[in-house]
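Here's the structure, in structure tokens; my notes come after.
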Amino acid sequence: MSAEPLRYMLAAKVYSYQDRHDQAVRVLSDGIANHPRSGMLYRHRGHFNVSLRQFAAAVDDFAKAVALLEGQADEIEYYQAELMPEVERLILGHEPRLLVTPTPITATNLERLRDVYKGTLLSSTWYHYGLAHYLRGEFDEAVAKYAQALELCVDDDMTVATTDWLYMSLRRAGRADEAARLLEATSLDLHVNEPSYYRRVELYKGRAEPESVLSPTDGDKKTLATQGYGVGNWYYYNGRVQEAKAVFERVVAVGHHAAFGTIASEVDLARLGA
280 MSAEPLRYML AAKVYSYQDR HDQAVRVLSD GIANHPRSGM LYRHRGHFNV
330 SLRQFAAAVD DFAKAVALLE GQADEIEYYQ AELMPEVERL ILGHEPRLLV
380 TPTPITATNL ERLRDVYKGT LLSSTWYHYG LAHYLRGEFD EAVAKYAQAL
430 ELCVDDDMTV ATTDWLYMSL RRAGRADEAA RLLEATSLDL HVNEPSYYRR
480 VELYKGRAEP ESVLSPTDGD KKTLATQGYG VGNWYYYNGR VQEAKAVFER
530 VVAVGHHAAF GTIASEVDLA RLGA
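As structure tokens, then:
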């Protein structure tokens with residue numbers, strides 16, 4: 280990853296952490312104008328277009344990203360806890376520590392980063408590509424994209440999150456038999472650093488009750504939105520539409536505007552005519 284596209288990405292991330300996703304898209308658009316072959320910049324702009332509810336634009340961005348990234352070696356993608364110290368170092372005129380060169384996918388690096396919540400550039404691109412289709416109601420397209428993402432997952436956090444959205448996409452596409460086979464093949468013997476998707480999969484497998492997932496002991500807004508959408512969607516595709524609607528409304532009321540659970544709840548409430 281070359282230095283200048285990296286700086287555009289970090290600037291956009293800082294705006295996103297302030298929920299200023301329009302500014303994040305602006306920065307990335309400037310970056311793309313200067314670096315039109317950067318699949319990484321398209322990947323992140325697609326994500327923030329999802330945050331802005333611009334789902335068609337997001338699909339276009341992810342299509343460009345996967346085309347530009349084809350054949351490229353995958354690399355670790357760091358999240359806020361690791362990126363903000365990098366931003367600090369750059370502002371203070373120091374060299375970044377993690378982002379000087381890409382972190383390749385190796386057994387040594389994965390073991391070293393075992394307790395770090397992270398993604399990879401390629402798996403995250405396909406994952407969010409699937410999400411953009413899901414939010415457009417294009418569930419078969421979402422299935423195809425999430426299946427591709429699942430093949431690229433390199434740790435349990437990534438695997439369980441992708442499995443979750445793939446399962447939901449299959450259910451919403453009316454492909455219940457495939458969803459059941461996916462769930463049967465999914466182990467819960469996992470090492471996860473962020474448990475929200477794990478809790479949702481526990482629900483799908485009958486290992487947790489809906490209310491326990493809907494009311495997590497860790498009550499931060501993102502957790503409530505993420506786990507809550509899983510519960511609402513579980514009610515929805517099991518024919519309990521009024522309960523689903525009530526949960527979607529509860530998720531939206533939490534107020535975490537950028538959470539995917541919030542965005543998906545808004546979309547489903549609109550579909551239900553709420």
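For any residue, its number in the working numbering is found by taking its place in the sequence shown, counting from 1, and adding 279. Just so you know, even glycine gets a beta-carbon here, dropped at the ideal spot from N, CA and C.
Cβ-Cβ distance between residue i and residue j below 7 Å
i       : j       : result
Tyr-294 : Ala-303 : yes
Gly-318 : Leu-348 : yes
His-407 : Gly-325 : yes
Pro-558 : Val-520 : Examination of residue 558 is not possible in this model, given that the chain is present from 280 through 553 alone.
Glu-473 : Tyr-396 : yes
Ala-537 : Asp-298 : yes
Val-306 : Tyr-287 : yes
Ser-403 : Cys-432 : no
Buried versus exposed call for residue i [16 or more other C-beta atoms within 10 Å across all chains shown]
i       : result
Glu-499 : Checking the sequence, you will find Asp at residue 499 rather than Glu. So Asp-499 ends up on the exposed side.
Ile-370 : exposed
Thr-387 : exposed
Gln-351 : exposed
Lys-564 : Because the chain is modelled from 280 through 553, residue 564 falls outside the range shown and cannot be assessed.
Leu-551 : exposed
Thr-380 : exposed
Residue of the options minimising C-alpha distance to residue i
i       : options                            : result
Leu-461 : Val-480, Glu-367, Thr-541          : Val-480
Glu-516 : Ala-455, Val-492, Thr-505          : Looking at the sequence shown, residue 516 is not Glu but Tyr. Comparing Cα positions, the closest option is Ala-455.
Ala-421 : Glu-430, Leu-429, Leu-410, Ala-549 : Leu-410
Arg-450 : Gly-552, Tyr-514, Arg-486, Tyr-287 : Tyr-514
Tyr-476 : Glu-457, Val-531, Arg-415, Gly-540 : Gly-540
Tyr-508 : Ala-458, Asp-340, Asp-443          : Asp-443
Pro-375 : Ala-312, Gly-552, Pro-315, Met-363 : Met-363
Asp-558 : Val-533, Asn-328, Leu-429, Ala-346 : What is shown of the chain runs 280 to 553, which leaves residue 558 out entirely.
Beta-bridge partners of residue i, as assigned by DSSP
i       : result
Thr-399 : Ile-355
Pro-383 : Glu-354
Check: Enumerated in chain order, which unbroken segments of the alpha helix (DSSP H) with a length of 4 residues or greater are wholly contained in the region 478 to 537?
Finding: Unbroken alpha helix (DSSP H) runs of no fewer than 4 residues, entirely contained in the region 478 to 537, are found at 489 to 493, 500 to 516, 520 to 533, following chain order.
Note to self: Runs of 3 residues minimum, wholly inside the region 308 to 378: which ones carry the beta strand (DSSP E) assignment?
What the structure shows: 355 to 357
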